[in-house]
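Remarks on the structure that follows.
Chains as they are written, first to last, in my numbering: chain A, 1 to 256; chain B, 1 to 231.
As structure tokens, this is what we get:
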């Protein structure tokens, strides 16, 4: 009887070890072949290369203007202009990638910041793609689908800009003022709709976000954020995004 | 406006075209790789088709808005620079501001009657220098952002969607309420956009209609815009 039991235990133990080995190997396999392994290392490698190339390519038009056509702006003027611009956007070089990363994922972040127009185009396109495909943002599937959404938005944007530039300023500036006003109202309607979608999908976090963002915008209107350097919009984004993440986490950490 | 000949020269088109080509090249690489890994994951062809359809329609409205902003940039900076800057790194608001700062620093108003070659060149340099930060930071720090996101989730994969939901709610609460608190025509556009989308979402919680998932954002965006201009 005793021997039998011991045999059973040995058998179980052996199976258990085999099982563990097998599981470890399969997780190892998926981690070298699948999303977290081969895929991610490819994206990070090419994302780093293409975005660094982007830093170099970005200077080509300026180099052509100055060193081929000989338009030499005073260095002091370029520097002054850069300082003015950096005092407005400098914080956003860091705040935007950090804030939008949880939605865009690794590939979407490389693509979105190389192509620009993020809040007004890349984010809505990636969220629309995730919603239609029924995947959850923040998951591996969400990242893949966001990549498709960002890519489509890049193609649509470039095609429309190309048509626009071919039509030229003369045609575009002849558009009736009403049409231009209407086009300018697409953006606020889009932002409202995006928040409506997020609000209904996650009502509790939505309420927190509305209170934080609304409160910070109110404080800013009352001039109470004036102690911050530059335009305090970055402080509103930081509080709204990270406040919602941290409070949301507290609300849901025992439920998932 | 002699400088506009240079601004619209074939060489400028070539320099700008290379940048736009780089953006398309990166997208091609990433989409190809994503499609191949999606086959090993739980993603069906139908899901990918809906994602492409939906992001296509959702991109049209915002791209039209970018086109509207392109007009003032085109007049001052010429075709190639406007075309390249709006498909590469920046956004309409940023580009106009940067070009303006560059021109101002040379003592000229952007697109004004005294706009000249020096102001144009300063504008191009400031637009470029002011936007490098975004690409450089993401080129170097994106893997770190992934780690940071895991820290935010307390190392629990199950909490990652909560982190994403918090980031999206926070970002769009800011972007939309910023328009609402202007108390003008944009307020109406934002509130109507919110209302129509919320109605779609509530209706679809039980009905689960695929066309609503794909079209709701585009419809809400245009209804919000149309209602705002009727008022």
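A virtual CB, placed ideally from N, CA and C, is assigned to each residue, including glycine. Treat the numbers as computed from the prediction; the structure is a model and nothing was measured.
Contact check, residue i vs residue j under 8 Å by CB: the rounded distance?
i	j	result
residue 143 of chain B	residue 139 of chain A	Not a contact, Cβ separation roughly 18 Å.
residue 213 of chain A	residue 174 of chain B	4 Å
residue 82 of chain B	residue 20 of chain B	Their Cβ separation, rounded to whole angstroms, is 12 Å, which puts residue 82 of chain B and residue 20 of chain B out of contact at 8 Å.
residue 145 of chain B	residue 153 of chain B	No, residue 145 of chain B and residue 153 of chain B are not in contact; Cβ-Cβ is about 13 Å, not under 8 Å.
residue 183 of chain A	residue 65 of chain B	5 Å
residue 132 of chain A	residue 27 of chain B	With 8 Å as the limit, residue 132 of chain A and residue 27 of chain B do not qualify as a contact, their Cβ atoms being about 19 Å apart.
residue 124 of chain A	residue 34 of chain B	That belief does not hold up - the Cβ atoms of residue 124 of chain A and residue 34 of chain B are roughly 19 Å apart, past 8 Å.
residue 106 of chain B	residue 71 of chain A	Their Cβ separation, rounded to whole angstroms, is 11 Å, which puts residue 106 of chain B and residue 71 of chain A out of contact at 8 Å.
residue 218 of chain B	residue 112 of chain B	With a Cβ gap of about 38 Å, residue 218 of chain B and residue 112 of chain B do not count as contacting.
residue 181 of chain A	residue 226 of chain B	Not a contact, Cβ separation roughly 12 Å.
residue 94 of chain A	residue 137 of chain B	6 Å
residue 51 of chain A	residue 185 of chain B	Not really, about 38 Å apart at Cβ, beyond 8 Å.
residue 99 of chain B	residue 110 of chain B	5 Å
residue 167 of chain B	residue 100 of chain A	7 Å
residue 157 of chain A	residue 59 of chain B	7 Å
Under DSSP, the alpha helix (DSSP H) around residue i begins and ends at which residues?
i	result
residue 178 of chain B	160 to 180
residue 100 of chain B	92 to 105
residue 257 of chain A	An answer regarding residue 257 of chain A cannot be provided, because it is not within the stretch 1 to 256 covered by chain A.
residue 148 of chain B	117 to 152
residue 49 of chain B	45 to 77
residue 206 of chain A	203 to 221
residue 37 of chain A	Element bounds for residue 37 of chain A: n/a, residue is neither H nor E.
residue 29 of chain B	10 to 38
residue 184 of chain A	177 to 184
residue 118 of chain A	From DSSP, residue 118 of chain A is part of no alpha helix (DSSP H); its letter is neither H nor E.
residue 60 of chain A	60 to 63
residue 3 of chain B	3 to 7
Which of the three DSSP states, helix, strand or coil, is assigned to residue i?
i	result
residue 204 of chain B	helix
residue 88 of chain A	helix
residue 194 of chain A	helix
residue 135 of chain A	coil
residue 213 of chain B	helix
residue 141 of chain A	helix
residue 96 of chain A	helix
residue 128 of chain A	helix
residue 89 of chain B	coil
residue 227 of chain A	coil
residue 24 of chain A	Confidence at residue 24 of chain A is low in this model, with a pLDDT of 41, below 50, so its placement is unreliable and the value that follows should be read with caution. It is helical.
residue 231 of chain B	coil
residue 157 of chain A	helix
residue 199 of chain A	helix
residue 113 of chain B	coil
residue 42 of chain B	coil
residue 193 of chain B	helix
residue 31 of chain A	Any reading at residue 31 of chain A needs caution, since the residue's pLDDT is 46, under 50, leaving its predicted position unreliable; the model's value is listed next. Residue state, collapsed to three classes: helix.
residue 108 of chain B	coil
residue 173 of chain A	coil
residue 78 of chain A	helix
residue 72 of chain A	coil
residue 256 of chain A	coil
residue 17 of chain A	Residue placement at residue 17 of chain A is flagged as unreliable, the pLDDT there being 45, under the threshold of 50; the coordinate-derived value follows with that caveat. Residue 17 of chain A falls in the helix class under three-state DSSP.
residue 108 of chain A	helix
residue 183 of chain B	coil
residue 149 of chain A	helix
When the cut-off is 8 Å and only beta carbons count, does residue i lie next to chain C?
i	result
residue 207 of chain B	The structure shown contains no chain C; its protein chains are A and B.
Mind listing which residues of the region 137 to 159 of chain B have their C-beta closer than 9 Å to chain A's C-betas, in chain order? The residues in question are 137, 138, 139, 140, 141, 142, 143, 145, 146, 148, 149, 152, 153, 154, 156, 157, 158 and 159.
Counting only Cβ-Cβ distances shorter than 9 Å, please list the residues of the region 184 to 204 of chain A near chain B, keeping chain order. So the close ones are 184, 185, 186, 187, 188, 189, 190, 191, 192, 193, 194, 195, 196, 197, 198, 199, 200, 201 and 202.
Taking a Cβ distance cut-off of 7 Å, strictly less, list which residues of the region 225 to 241 of chain A are near chain B, in chain order. Residues of the region 225 to 241 of chain A with a C-beta less than 7 Å from any C-beta of chain B: 236, 237, 240 and 241, listed in chain order.
When you check each C-beta in the region 178 to 189 of chain B against every C-beta of chain A, which residues fall closer than 7 Å? Taking 7 Å as the Cβ-Cβ cut-off against chain A, the residues of the region 178 to 189 of chain B that qualify are 178, 179, 181, 185, 186 and 189.
Near-chain B residues of the region 100 to 114 of chain A (beta-carbon distance less than 9 Å), N- to C-terminal order: Residues of the region 100 to 114 of chain A with a C-beta less than 9 Å from any C-beta of chain B: 100, 101, 102, 103, 105, 106, 107, 108, 109, 110, 111, 112, 113 and 114, listed in chain order.
In chain order, what residues of the region 71 to 83 of chain B put their CB closer than 8 Å to some CB of chain A? Within the region 71 to 83 of chain B, the residues whose Cβ lies closer than 8 Å to any Cβ of chain A are, in chain order, 71, 74, 75, 79, 80, 81, 82 and 83.
Cβ-based contacts, 7 Å cut-off: residues of the region 82 to 99 of chain B near chain A: From the region 82 to 99 of chain B, only 82, 83, 84, 86, 87, 88, 89, 90, 91, 94, 97 and 98 have a Cβ closer than 7 Å to chain A.
Scan the region 84 to 97 of chain A for residues whose Cβ lies nearer than 9 Å to a Cβ of chain B and list them as they occur along the chain. Taking 9 Å as the cut-off between beta carbons, the residues of the region 84 to 97 of chain A near chain B are 84, 85, 86, 88, 89, 90, 92, 93, 94, 96 and 97, in sequence order.
Contact set between the region 126 to 148 of chain A and chain B, restricted to residues whose Cβ is under 8 Å from the partner: If the cut-off is 8 Å between Cβ atoms, the region 126 to 148 of chain A has 126, 127, 128, 129, 130, 131, 132, 133, 134, 135, 136, 137, 138, 139, 140, 141, 142, 144, 145, 147 and 148 near chain B.
In the region 150 to 168 of chain A, which residues sit with their C-beta less than 9 Å from some C-beta in chain B, listed in chain order? Taking 9 Å as the Cβ-Cβ cut-off against chain B, the residues of the region 150 to 168 of chain A that qualify are 150, 151, 152, 153, 154, 155, 156, 157, 158, 159, 160, 161, 162, 163, 164, 165, 166 and 168.
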